[in-house]
Structure formats: structure tokens, C-alpha cells
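Q: Quick one: this structure, given as C-alpha cells, is what I'll be asking you about.
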Amino acid sequence: MKFQHNRRRLLATTIIAGASAFAFAAPAMAQDPGPSTIDDVVVTGSRIVRQDYVANSPISTVSAEQIQARGDVNVEQILNQLPQVVPGLSANSNNPSNGSATVDLRGLGSSRTLVLVNGHRFVPYDKSNAVDLNSIPAALIERVEVVTGGASATYGSDALAGVVNFIFKRNFEGFAFNTQYGISGYGDGEQFDASMTFGANVADGRGNVTGFVGYADRDGFLPNEDRPWAQRSNATGSGTGIYGGLNNLGTNPYTAAGCPTANPCRRSFRTPGVPGPFNNSDPAVNPTTSDRYDFAPVNLLQSPSERFNIALMGHYDVVDNVEAFAEVFYTDTRNNSQLAPTPATGINIPVSNFFVQNNPALLAYANSRPNPALPLNFDRRMAEVGARVQLNNTDVYQINTGIRADLSDNWQLEAMYSYGRTELTTSIQNDVSRSRLNAALAGGGTATTCAPAVQLLFPTCVPINLFGAGTITPQAANFVRLNFTDRSVFERNNVQVNLTGTLLELPAGPLGFAAGVEYREDSLGFTPDDAKNAGDIYGFNAERAVQGSSSSKEVYFEAAIPLLRDAPFAQSLELELGARYSDYSTVGGVWSYKFGGSWEPVDSLRLRALYQRASRAPNVFELFQANDQGFPAVLDPCTTVNPSTGAARTLSTGVRNFCTAQLGFDPVAGNFVALNTQTESFFYGNPGLSEEKSDTVTIGAVWQPTFAEGLSMSLDYYQIKVEDYIGTISGGVSGIVGACFAAGAAASASAPAPVSGIAECNNAGIGLPLIYRDAAGNLKARAPLGNVSSLETSGIDFSTRYGWNVPWAGGVWGDKLDIAFNLTWLNSYELDGIEYKGTAGAYNISATLPEYKANIALGYDIGPVRLAYSGTYIDALDNQGNIPDFADGGYSGIDAYWYHDISGTWQATDNIEMFAGVRNLLDEDPPVFDNANDGNTDPNTYDVNGRYFFFGARLKY
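Counted from 1, the sequence shown has number 1461 at position 227 by this note's numbering; the numbering is strictly sequential.
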């Protein structure tokens, strides 16, 4: 027998008609497709098994040949070329980075993109609820189907933006070995990949077992002279430098020589122990005289990684109409990221400290204050402790097992149980302990011995001298150094029963129907290191433990109702309906539904439209996140100079008065300048969150002209509106600060108003002010989550593909040519009323959103040789910081980019295939721009490796 789930798919041209065409050319053109076959199919976006299926949702398909043509070892690299994808985390992510690779459809966030493997949910990797694509072995992929737009009626929660379905090879027989090596044109960034696939039919063809083992290794690299664009920070570095900085507090100012006013008389220690003027100039411009710290040279441009994959898939016909199946996946991924040494800020140094008392010039500054007994406020880059290194180790397990049964000629049943578990262990090296640093600074000791009272608590204590570069001894660095480990465990249990078949025969054809029930339970346990949980750290964000679970009980149905067939001006007319009811343990009952249809007035043209209401329940972390620390790029509105650009800023009377109320002095008269462009912030979850809801409308057409066999075109308009969008209130920390200062300035028009009296600066949910300042006047923020945001995005997708034999070549110069072109026009991307279309950066949200993004692919077969080209176009972008709503500006934008990749494959024998290629053929450097996402640029959108060569071989027996 042959089960419906394993029926051969339609010919490529038929599938393209229901899709937005192939994402790239899939030039498997040397193969003879054989006779046309119409069989039962299931396409991502629906569970209905049908013949001649044409999807009403736009679908993009990426084939194994396309992945191989680009030499992509990592799955996210090929997906990020799709115009519908806003790149998420990748191999070139360093800050932020947790070792994962994610996919983000339409820029709604990776947690709003549902990832499936063989049509089933894949287990997320951490508290964000996103799937790590490192767990998907590229060599095992048969194809990837990408559906953009809500799909919750079919698949449930998390499918707000759409679905990415990785379909693996099945019924493999024999043995295959693949190996590949790649290296950049600069001789670094090496990558090696090797995998084995093996399989056999068993019991006279009643079953099959397919196995896979894969290993991949990737070298990391730092900024170097081959990539000069990355060697210096474009953000003017950090005000926390290696010489140290003595802060002059407005509440207790020092007035020693050279400091007649309280602010901004900050002192540096270029001469150890001797305060001198702090040079706040850009270290990229003045590397020898600036006292700021340039963190760029020690931040990785590509993270080193090692990955081991195992997969085992099998199915067996227990009886003629019942098949048992099982899938087992395991991935072990190890990945590193590296940041600059710890910036220790707001250090309180007792005046009784040995090094204060024994440096007369420094002691004079301390004694010149109104209250000389209070501690000194100090900042220091802890360079002697070393760069901060984050080691991520992710273990992913998933087991799917169940049965499929043909109940009759028209009805099929699938019952499945799935268990998934992800364990993420993150180890941090070279951080600094607050408690140990305070002990090493305590008074009563000597240059080599800590005070006796301190030694009772810290027997290994070593005094530390922060006043100058290189003044921290190795012994002191070892004492304050903090290495710690966090652990996150995500588990999912999932039970599904799905029924599909023909409900009844109508005059226009069979009425397809699918229905099912599902139970899903997710649990998350995040256990930070004790030091991290207690906030006893300087160089990484403090995080609190999170423990919780959620569950849902769901029921759904779908129907495809043919209304007309072979009628005048209606070769086909069909209605599509679907609904799902989900009962969540957290938010209660939620409905998702869809309705739409298609109309084929003539054989070659199909018009389609679909409305979908999708939903996403808040995940465990969003409900229970507790006061986690972060450093978003947010400019202090009180600064009289932009420390990133050096441009002078004019403060309105209201802002000036509001700042005076916070700082204790007039920021203009005192020439207040913020030390950094990052604002320390603390992030909170919200147990009262409700579900997100989205409305997606797609309207489009698919044209396959009969006069040009092999030509397919599609044009689709999409609009996605997300209500009750879960996110940081006011759209982010920048929005929080902006709203607070706007209201505060209005209230301070005639006299300074306190933060406590401004409603927009306070939040009842956490019972704390949303902004405050530390003793040194540095702005701090608190950022709770809420269902307070709304997001709307719309645009048009255009795709075309044409593949044909080359009649004029006579087989001499080629056999077949294949062309594919895909273009997305972004009409709007509006979050909380702010339009981000055509902008890049991380001023408020971290995103690169070009108005136009396109790719073109060519495939050309010459006998046993296949040549391929792909080009990716990214439109010019303005800087996100120039958006008028932020009342800022003057930031650099980005020119348009074209990337070119080429490859060739030679079928040497029936069993051996060799290939080679070049990515970024023209060796384009990435754009450098202000408010960059990571490392002076967006390394997930733009190539940072430079020209990259790869080659390898595939053997099959």
C-alpha cells in the first residue's frame, strides 16, 4: 500500500502555481523529470490532503539544490536571502548572541515564526521560545516551505508571522557522504562540514530506516587589518576607559585645582594615581589621547562553533492500513562569543582606601568636597581581568512517534506524541565580582594585604589599585575575576490526533476536510548562577531565576469547498475555511480562524485571497521575567553633546528644567555630557499578559501562461496587523525615555517638576519609577512588558520563474536554463505609530527594513556540469535614529547593496559529485553606520566575511 502522507508531490510547475515561486533557482536541470504525475499532496499552511493543490497563502520553497549551490552549512544563511525574512541571530552575531541562529518572518520576531520539521513543531532552544536552526541538519533537508502570514487556525500558537517547515529526506536507500570546506579570501573564517546519510528498506519494503550523522566546525575571527571598517568603534567607544574615571557628583562635588565647577569635571589617570583632565574625544579619531575605550577590536565578527547532529527516522507497515513511525533528533552545539573587558561603573571607593591615602593629588580631590568622608565615585574598564567570553552549549533532543492509518479510501488518521527537551548551558569567563571588588577596595589594608576584617570574609583577598592603566596586578585580577554558569531547560510534551479526508462529493469536486485535537504543555526552568541572580556582577546583565509552565487544549477544523469547476469564466472557484479553539492555562479560551478562496477564470490565471486571524499566547519567560539587566542604545535627553556624533544639542526650557530636577544642577550651565550612548535598563515580565492577535490579509494572482511552458509569475499583497503586541511598553527603552521626558518637559515649562509627579515616568505594574539616576547622574530605566504595542506591516511580493530547454544551443553550449526572480516591496512597518520602513539600526528596535529587497538566481546545465548564480539586492536605508518621532537626527545611512554568488557542480560519475563556489564575489565590505545593530553594522543582513570560497564532494552508493 502507499500512504497519503507519502504521496509524490506535484511537479515543480504545479507547486509554483500555488506558491510565490521558488525563492531561488532550483537548477536540478540535468535530471529527466519523467512523466507528469498528479498525486495527493499536503502543502504547508493546510492539513487537507488533496489533488492539484494550489495554496491560497503565498508559499516560498527552498530546495536542497539551492542550499547546496550556495554552500550553506548553516540553514539561516539561505533563509536570510529571502525577501520575506528579516534576519535574526546568525553565525556573525556577537552582541547580542547566545549561540543560536533564528528565522524572523516579516520582522515580527523569531518567537512569532513557527518552525516545523516534517510538519511537526520543533522544540524551542531557550526562554525566548524561538527555535535554534543549528538543530536542523542542512544535508538532510529535501526542501523548506515558507508560508508568510498568520497560520494559527492550522497550527496553533506562535504562527503569527507564518510558518517555516523543514521537510527531510525520507525513504533513503544506500549510503551518502558529504564533505565541504570553506575559507575567506583573507585566510580566516574556516568552516568544515561532513555528514553521512544511510538508509534501507526493511521487511520486503514494508518499512524504511534512515539515519544521519553530521559534524560541523567553524572558526571565529576578530576585527583585523583586512577588515579596517571593524577595527574602530563607530559609536565613539565607551566613557569607561582603562585609565579610570573619577566622577564629580553634583551632590558632593570636588573643587580641587582645575575643577572650579561641579560638572563635568571628570578626572582621568593617565599618570597612575594622579588625577588629570578626562579627554572625552572619539578614540577612533584620537587613539593616543582619548580616555574613552574602543571596544571594537576585541568583539568577535564571527563566532567559533562546533556542532554534532544525529537523526534517525523510520516507519513500518504494522498491517496493511496502519503504519507506525518514529523520528529521533539530537544536536549538540557549542558556540562562543566575546566582548570587551568588564566596564565597572559606579564603584564606591572608600576614602580610607590605601591607594587614595597614598596618592596626595587624589587625596586632595577627595578632601576638597563638602563632605570629604563619603566614598569616591569611580568607573574603570577592567582590562587586566581579560575580555569577557561567553561559552554556549546547547543540547537538543526531540522524539516524535505515532501511527498513520488509512481508515478508508478517502479518510486518513494520524495520532502522534512528541517530546522535546533543550538544555542551554551558558558559561561566562572574566567577569568581575562586585563583592570581591568592594573587599579589595576596603580601607584598613596595605598595598599588598587586605584589611583584617575583610580577610575574615575573603581569606584570599588581594588589594586592587584602579587608578591608572595596568595598575591591577595579576593576583588582584584573579581575586576579583568571576566565572559563572547559567542553565536553561525547556521541555515540551505534545499530543496530536489529525483526521483528513473527503467529507462528500460535490458537483465541482470533493469537499476536503481536516479536523483534529491537540494537547501541548511547555515548561521552562532558568537557573542563573548565584552571583548573577544576586546581581554580584559588573560585566554582564543580572538575571533572576524563572520557573513556570503553560499548557493548552485545542480543537480545529479546515474545509476546502469547491463551488464551480469547468464553467464559463470559472475553470475553478473554491472557498477555504478553518477555525481553531485553544484553551490556554494562562490566558483562557482563544479563537483563531481563516476564510478565503480562489478563482480561476481561465486555465492560466488564478486569483486568490485569504483572511486569517492568528494568535500567540505569552510564553513562560514573558510572564515571569524578573528585573533582568540590559544596555540598549538610548541617548540621555539631558546631555548637551551627543557623545556618538560630537554634535551639540539644544535643550528646550522644559527639558532643561526637568533635567535640573533629576541632576541637582542645570545641565546647560554645568555643560552636562553623558558618558555613554547606552542606558543601563532593567526588564520585567508581566503575569497579567493576554494573547497577541493578528489579522492577515493576502490578495494575489498566479499566472502560468500556456504559450510559455515553464513560466510562472505571482503577485501578492499582504497586510499584517498585530494587536496587543507583547513588548516593552512604549516600544522600547527609547520610547519610555521619550514619553517620560515629553511629559516631564511639559510639566516643567515654568519650574522643575520631579519624576515622581509625572504619570508617564511611573508604572503601577511594577510599582517603581520608569527612569532614575545613579549617584554619578547616569540615566537608568526600567522596562516592563505589556500588551501595549501594535504593529502593522504591509507590502507586495512578486516572484517569477522561467525554466526551458535551450533550443538554439543544440546541446552544445547547454541543455537547460532556469531563471528565478523575487522582489518584496515594503509599504509600511509601523510599531506604536512610528514608521520604520526603509530604516536600519538599533536606536529603538534592532531591525534592518529595506523598502525593496530582491534576489535573482540563474541555473545553467551543460551536460554533467551545473552552473549557478544568485544575486541579492538590499535597498538604500536611512538611519533609524533619524526618524522624526525620536526628535534626534544627524546619523549616517546606508547605500544600496548588491551581493553576487556563483557556484559550479560536476557530476563526475554516477556516484560522485564535486562542487565549488564563491560567495560575495566582489568582496563587498558591509556598510558602517551610526546606531549599528552589532559591530558597526548589521552582521546578520550584510556580509562581514568578505569574499568566501568553498568546495567539496558528495558520494552516494
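Even glycine gets a Cβ: it sits at the ideal position worked out from N, Cα and C.
It should be emphasised that the depicted structure is a prediction, and the values quoted were computed from it without experimental measurement.
One question on the structure: do L1869 and T1820 come within less than 8 Å of each other, judged by their Cβ atoms?
A: Taking 8 Å as the cut-off, the Cβ atoms of L1869 and T1820 do not count as close.
Q: State buried or exposed for P1877, treating a residue as buried only when at least 16 other CB atoms are found within 10 Å of its CB.
A: buried
Q: Round the Cβ separation of L2101 and Y2094 to the nearest angstrom and send it over; I've been treating them as touching at under 8 Å.
A: 5 Å
Q: Pick helix, strand or coil for N1664, following the three-state DSSP scheme.
A: strand
Q: Reducing DSSP to helix, strand and coil, say where R1890 ends up.
A: helix
Q: Are G1433 and G1408 touching if we call contact CB-CB under 8 Å?
A: A contact, by the Cβ cut-off of 8 Å.
Q: Among N2170, L2155, G2105, R2153, whose alpha-carbon lies nearest the alpha-carbon of P2161?
A: N2170
Q: What residues in its chain sit with their C-beta under 7 Å from that of D2177, if we drop five residues either side in the sequence?
A: Closer than 7 Å at the Cβ level, and outside the excluded window around D2177, lie Y2133, N2154, E2158, P2160.
Q: State yes or no: is the C-beta of A1742 within less than 8 Å of the C-beta of L1798?
A: yes
Q: Keeping to the same chain, check which residues put their C-beta closer than 6 Å to that of R1721; ignore five residues upstream and five downstream.
A: T1659, T1761
Q: Output the boundary residues of the beta strand (DSSP E) element that contains N1732.
A: 1715–1740
Q: Helix, strand or coil for Y1445, going by three-state DSSP, please let me know.
A: One detail in the question is off: residue 1445 reads as Gly in this sequence, not Tyr. Strand.
Q: Can you have a look at L1709 and say buried or exposed, based on whether 16 or more other CB atoms are within 10 angstroms of its CB?
A: The displayed chain sequence assigns Gln, not Leu, to residue 1709. Exposed, since its Cβ has fewer than 16 Cβ neighbours within 10 Å.
Q: Relative to the C-alpha of N2116, which residue among N1861, D2164, L2092, I1401 is closest?
A: D2164
Q: Just mark A1259 as buried or exposed, buried being the case when its beta carbon has 16 or more other beta carbons within 10 Å.
A: Bear in mind that the predicted position of A1259 carries a pLDDT of just 34, short of 50, making it too unreliable to give a figure here.
Q: DSSP three-state call for D2177: helix, strand or coil?
A: coil
Q: Whole angstroms are fine: how far does the CA of D1862 sit from the CA of Q1780?
A: With the sequence shown as reference, residue 1780 is identified as Val, and Gln is not the correct amino acid for it. For V1780 and D1862, the distance between alpha carbons rounds to 11 Å.
Q: Kindly indicate which three-state DSSP category S1324 falls into: helix, strand or coil?
A: coil
Q: With DSSP collapsed to three states, give me the class of S1254.
A: With a pLDDT of 37 at S1254, under the threshold of 50, the modelled position of that residue is not reliable, and the figure given next carries that caveat. Looking at S1254 - three-state DSSP - the assignment turns out to be coil, as it is neither helix nor strand.
Q: For N1605, does the count of other Cβ atoms within 10 angstroms reach 16, so buried, or fall short, so exposed?
A: exposed
Q: Taking buried to mean at least 16 other C-beta atoms within 10 Å of its own C-beta, is A2043 buried or exposed?
A: Only weak support is given to the placement of A2043: the predicted model assigns it a pLDDT of 47, under 50, and the value that follows is read from those uncertain coordinates. With a 10 Å radius around the Cβ and a threshold of 16 neighbouring Cβ atoms, A2043 comes out exposed.
Q: Quick check on A1437: buried or exposed, where buried means 16 or more other Cβ atoms within 10 Å of its Cβ?
A: exposed
Q: In three-state DSSP terms, what is L1374?
A: Here L1374 carries a helix assignment [DSSP, helix/strand/coil].
Q: Report the residue from A2081, D2049, Q1689, N2089 whose alpha carbon sits nearest the alpha carbon of S2033.
A: N2089
Q: Using 8 Å for Cβ pairs, my map puts A1298 next to I1370. What's the rounded Cβ distance?
A: Not a contact, Cβ separation roughly 12 Å.
Q: So is Y2191 buried or exposed if we call it buried at 16+ other beta carbons inside 10 Å?
A: The residue in question, Y2191, is exposed, as its Cβ has fewer than 16 Cβ neighbours within 10 Å.
Q: Residues in the same chain with beta-carbon distance under 6 Å from Y1818, minus the five sequence neighbours each way, listed in chain order, please.
A: S1786, A1851
Q: Classify V1397 as buried or exposed, calling it buried when 16 or more other Cβ atoms lie within 10 Å of its own Cβ.
A: buried
Q: Quick one: give me the first and last residue of the beta strand (DSSP E) that E1926 is part of.
A: DSSP places E1926 inside the beta strand (DSSP E), whose first and last residues are 1926–1937.
Q: With 16 as the cutoff for other CB atoms within 10 Å, does P1462 come out buried or exposed?
A: exposed
Q: Do the region 1924–1939 and the region 1954–1965 meet, that is, are 3 or more Cβ pairs less than 8 Å apart?
A: yes
Q: If contact is defined by three or more beta carbon pairs under 8 Å, each pair taking one atom from either stretch, is the region 1700–1715 in contact with the region 1749–1767?
A: Contact between the region 1749–1767 and the region 1700–1715 is absent: fewer than 3 CB-CB pairs across the two stretches fall below 8 Å.
Q: Given a cut-off of 8 Å on the beta-carbon distance, is the pair Y1790 and A1387 in contact?
A: Remark: C-beta atoms of Y1790 and A1387 approach each other more closely than 8 Å.
Q: Indicate the three-state DSSP secondary structure (helix, strand or coil) for P1744 in the structure shown.
A: Here DSSP, grouped into helix, strand and coil, assigns P1744 to strand.
Q: Could you tell me the distance, in whole angstroms, from the CA atom of L1456 to the CA atom of N1405?
A: 43 Å
Q: Quick one: is E1459 buried, meaning 16 or more other Cβ sit within 10 Å of its Cβ, or exposed?
A: Result: exposed.
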